[in-house]
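>
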Amino acid sequence: MTLSDLDRRLLALLKANARASVTSLASGLGVSRSTVQDRMARLERRGVITRYTIETTAEGDTESFRAQVFISLSPKHDKAFEKSAQRINGVRSLLTVSGEYDYIIQVVSDSSERLEASIDAVRNLEGVERTNSLFVLSEKFGPLS
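In terms of my numbering, the sequence shown is residues 617 to 761.
#1: By how many angstroms is the C-alpha of G743 removed from the C-alpha of P691?
#2: Could you have a look at R703 and say whether DSSP puts it in helix, strand or coil?
#3: Specify the secondary structure class of A737 as computed by DSSP and reduced to three states.
#4: Can at least three beta-carbon pairs, one atom from the stretch 749-757 and one from the stretch 678-688, be found at a separation below 8 Å?
#5: Could you tell me the distance, in whole angstroms, from the CA atom of G676 to the CA atom of V724?
#6: Roughly how many angstroms lie between the CA atoms of H693 and Q722, to the nearest whole one?
#7: Could you tell me the alpha carbon to alpha carbon distance between S620 and V685, rounded to whole angstroms?
#8: So T747 is in the alpha helix (DSSP H); what residue range does that whole segment cover?
#9: As a quick exercise: from S728, S688, Y668, R708, pick the residue whose alpha carbon is nearest that of R635.
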């Protein structure tokens, strides 16, 4: 899937400020509002944009329970797994990796009970053969994702 220069510039603006209005995005790109709305809708349909979010300071962080879940899949379950994983509450990122595991999922929650429920939901997805969960104790610097 190739993105146009306009798509890439639009995505960069959204990454910088996911709450930017369509009008300000259009102004920043030098195109009409309808062009921005059409592009965003197309990027959403194609799965390039999967959600809009915010980042908070430590003071505003209500998701202080975090884990990295390492996952091994049985063959030919990748696409279904990826679609199902992104629908699980608390899943913030899905990374493909080399080595012993196929994926790493970052899971966050505002309670240990909800974190455990999210991890259990990941473990129960079709094709998951093995998981190894590492719970984050503290963050020394930078975002985990």
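Glycine included, each C-beta is placed from N, C-alpha and C at the ideal position.
If we stick to the structure as given:
#1: Approximately 8 Å, taken between the alpha carbons.
#2: coil
#3: Under the three-state reduction of DSSP output, A737 falls in the helix class.
#4: yes
#5: With a pLDDT of 47 at G676, under the threshold of 50, the modelled position of this residue cannot be trusted; read the value that follows with caution. Cα-Cα distance, rounded: 14 Å.
#6: The alpha-carbon atoms of H693 and Q722 are separated by roughly 19 Å.
#7: 34 Å
#8: Unbroken run through T747 is the beta strand (DSSP E), 744-751; no alpha helix (DSSP H).
#9: Y668
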